[in-house]
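First comes the structure, then the notes that go with it.
In structure tokens form, the structure reads like this:
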């Protein structure tokens, strides 16, 4: 029998919520209940609040109340969004039709929302995070733990600017991440999904995050690899652009699968070059292969790239974005550019034919069909020993 | 910089065909040319012959002529299939419209076809292999090397019956495998694809196989893991059944991606339990994640399973196969049964919730919706540490 299963058998299973945070009667110490606040109330933030609220009600180790900071808006009816959420128990603007759970309290006052919490869940657009940190620094509990659900870190020349690092450094607290194949609206209606928590050091902290997010339809695992998990959430968008090109060129599923695989390999290689601590196994988790599949099957990066290739690259991404996304920018296109700068800066361009080709197609330097012309790019790799051995 | 790239930089690149088999002038030994025979001439066999023929013409280390054994048939025109192939250079029955290359010689005489070859490519339906081996044993060159492109080994209670092992044992020769995301008709029209060679010991042999198959649109890598590569080709069909159920239940891409990921994890775990030598990295190769994606996006296993779930399991797979596949049997359904027997026999059922659930749905013991009800099956796994750690 293989060691993997032996080790599993020898190791006592983690028995649901009872392992963590429960205190035995003879200890005579009152249980310290964790208190969770969700910072953000968009589509994904509201779903996160719903997941957390269902567990907070159920688990004795958490306070029932889950506070959700709402960036206040006035609705067309003249009412405040936070008031409507508290009255109807629905985020009528960003997640209509879904009850969040009666223990969710919308709070438009950021400082008030975070003050008593020892578990802070950050799920805002990434450009808000610096301002949020500035506003709450020094106003949170000293024992607070954070988790970031924010996808969209920037990759700068000197390396990626991780959101989890930003939170950690600005607030002086530990920060995990939660990523995965998570389409908010599908999880909101309780369709089966998975997610991955990345943690840095303390397994007990990761267990608490797993317990507060995990439900029967949202299966959460944790891996000790914050950087790997967080990078997956960003780099997959570059691969989705490549997959969209293949769709636009009508190359079929076989070619698309090959491109997705090469993309996954480059995600892994890039992450490991930047952070040698990144683990191969992370890419088998939901944040890796599953999120990649979801993003390459649906998603707007794939969709716009498909339109780009169908037009033979004659209409720019700027034009297509304006038309198809009401002015929103495609993350994959900007991430491809950022990744290209890192590769170019470090002399790694030839090691990453897919990443570099995606950018060169996006800026019109290569035609979309270049996405499947790998032979010219790869003579430096030994074909024997497996590509995974070298990248 | 990470060791992976350093090791790649330190290692001189394998320079195409010149590294292997070429002899330097000063050696004064005439180059020994390899001679390839393809045993099989169906759809995939014909494409394999085309790939090999293009390289045999190009590379000095191979004889130009590539012999292809044809299971002789009389066409409706009254002509013999082998004669038509040799006259038109097309397999008009199994790969019409594609020129195989003028150096492909169809040969209906099996013993004659294999006699002079030192490289034997087996690509027949798997049930033919025992008979073929019986017929040619003792009639092949002593230095012959084999490769199997045959998917569809059986998984018996006492373990899988690998086709490569059958060939090796019956013929007393070494046998590699070539698997991957390979839809024959797409490769025939030169759409970009990849494949994986699995080899047992000798890297030089693997290099020869890579050189004779690799083209600009068919990128081949080799890994030292015959069992892992060959098992991928079979087990993916069980996952495709699961993916088909998700499609039939209209659960969306997010759930489908999660099921594919859990399937990949179980493929890896099952292979490693049966053969501890199987490598994790094999599942990142084309034979692993890419073939899985192709099979779960298209393919008849997925399609029939989708129909099964749409009908709520009320029409049996036997019925659906008869209707949708003109009496052919679905490999995924029989492999799921075989895998279930192994799991049951060894007491591993609870370690493989997806594999076991697929079989129980196929035989009507569970409803199709059970495919996404994992929570009941998984309490024995610690959620922290990453699922990959235990499976």
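Protein chains in written order, with our numbering: chain Y, -18 to 372; chain W, -18 to 372. Ideal Cβ positions, reconstructed from N, Cα and C, are used throughout, including at glycine.
Chain W contact for residue i (CB, 7 Å cutoff)
i: residue 353/Y; result: yes
i: residue 152/Y; result: no
i: residue 322/Y; result: no
i: residue 215/Y; result: no
i: residue 271/Y; result: yes
i: residue 236/Y; result: yes
i: residue 175/Y; result: yes
i: residue 100/Y; result: no
i: residue 167/Y; result: yes
Any chain Y beta carbon closer than 7 Å to residue i
i: residue 172/W; result: yes
i: residue 105/W; result: no
i: residue 338/W; result: no
i: residue 294/W; result: no
i: residue 274/W; result: yes
i: residue 242/W; result: yes
i: residue 134/W; result: no
i: residue 158/W; result: no
i: residue 82/W; result: no
i: residue 36/W; result: no
i: residue 239/W; result: yes
i: residue 2/W; result: Any reading at residue 2/W is ruled out, since the residue's pLDDT is 36, under 50, leaving its predicted position unreliable.
i: residue 279/W; result: yes
i: residue 162/W; result: yes
i: residue 399/W; result: Nothing can be reported for residue 399/W, as the shown portion of chain W is limited to -18 through 372.
i: residue 233/W; result: yes
Among the options, the one whose alpha carbon lies nearest that of residue i
i: residue 257/W; options: 209/W, 161/W, 200/W and 186/W; result: 209/W
i: residue 112/Y; options: 49/Y, 267/Y, 148/Y and 190/Y; result: 148/Y
i: residue 52/Y; options: 298/Y, 44/Y, 24/Y and 261/Y; result: 24/Y
i: residue 377/Y; options: 63/Y, 106/Y and 43/Y; result: Nothing about residue 377/Y can be reported from this structure: the residues present for chain Y run from -18 to 372 only.
i: residue 54/W; options: 19/W, 48/W, 302/W and 88/W; result: 88/W
i: residue 167/W; options: 76/W, 329/W and 306/W; result: 76/W
i: residue 60/Y; options: 72/Y, 171/Y and 50/Y; result: 72/Y
i: residue 125/Y; options: 114/Y, 99/Y and 118/Y; result: 99/Y
i: residue 81/Y; options: 281/Y, 145/Y and 30/Y; result: 30/Y
Where the beta strand (DSSP E) containing residue i begins and where it ends
i: residue 199/W; result: 199 to 204
i: residue 159/Y; result: 156 to 160
i: residue 264/W; result: From DSSP, residue 264/W is part of no beta strand (DSSP E); its letter is neither H nor E.
i: residue 141/Y; result: 140 to 142
i: residue 44/Y; result: 43 to 50
i: residue 100/W; result: 100 to 103
i: residue 16/Y; result: 15 to 20
i: residue 300/Y; result: Segment 298 to 305 is the alpha helix (DSSP H) holding residue 300/Y; no beta strand (DSSP E) there.
Residue range of the unbroken alpha helix (DSSP H) whose run includes residue i
i: residue 227/Y; result: 207 to 229
i: residue 169/W; result: 165 to 169
i: residue 77/W; result: Per DSSP, residue 77/W belongs to no alpha helix (DSSP H); it is in the beta strand (DSSP E), 76 to 80.
i: residue 128/Y; result: No alpha helix (DSSP H) holds residue 128/Y; the beta strand (DSSP E) holding it covers 126 to 129.
i: residue 278/W; result: 272 to 278
i: residue 313/Y; result: 312 to 327
i: residue 185/Y; result: 184 to 194
i: residue 30/W; result: 24 to 39
Cβ neighbour criterion (16 or more within 10 Å) applied to residue i
i: residue 5/Y; result: Summary for residue 5/Y: the model assigns pLDDT 45, below 50, so the residue's position carries little reliability, and this model does not support an answer.
i: residue 225/Y; result: buried
i: residue 205/Y; result: buried
i: residue 182/Y; result: exposed
i: residue 349/W; result: buried
i: residue 386/W; result: No answer is possible for residue 386/W: the residues shown for chain W start at -18 and end at 372.
i: residue 13/W; result: exposed
i: residue 346/W; result: exposed
i: residue 353/W; result: buried
i: residue 41/W; result: exposed
i: residue 56/W; result: exposed
Tell me whether the region 210 to 225 of chain Y and the region 133 to 145 of chain Y touch, counting them as touching only if at least three CB pairs, one residue from each stretch, are closer than 8 Å. Short answer: they touch.
Okay, do the region 288 to 300 of chain W and the region 226 to 241 of chain W touch, 3+ Cβ pairs below 8 Å being the bar? Between the region 288 to 300 of chain W and the region 226 to 241 of chain W there are three or more C-beta pairs closer than 8 Å, enough to call the two in contact.
How do the region 152 to 170 of chain Y and the region 266 to 285 of chain Y stand: do at least 3 beta-carbon pairs fall below 8 Å, yes or no? At 8 Å Cβ cutoff, the stretches touch.
Three or more C-beta pairs below 8 Å linking the region 192 to 203 of chain W and the region 300 to 308 of chain W: Not touching, per the Cβ criterion.
For the region 241 to 261 of chain W and the region 319 to 336 of chain W, state whether three or more C-beta atom pairs, one from each stretch, are separated by less than 8 Å. A contact exists between the region 241 to 261 of chain W and the region 319 to 336 of chain W.
Below 8 Å, how does it come out for the region 97 to 113 of chain Y and the region 21 to 38 of chain Y: are there three or more Cβ pairs, yes or no? Segments in contact, yes.
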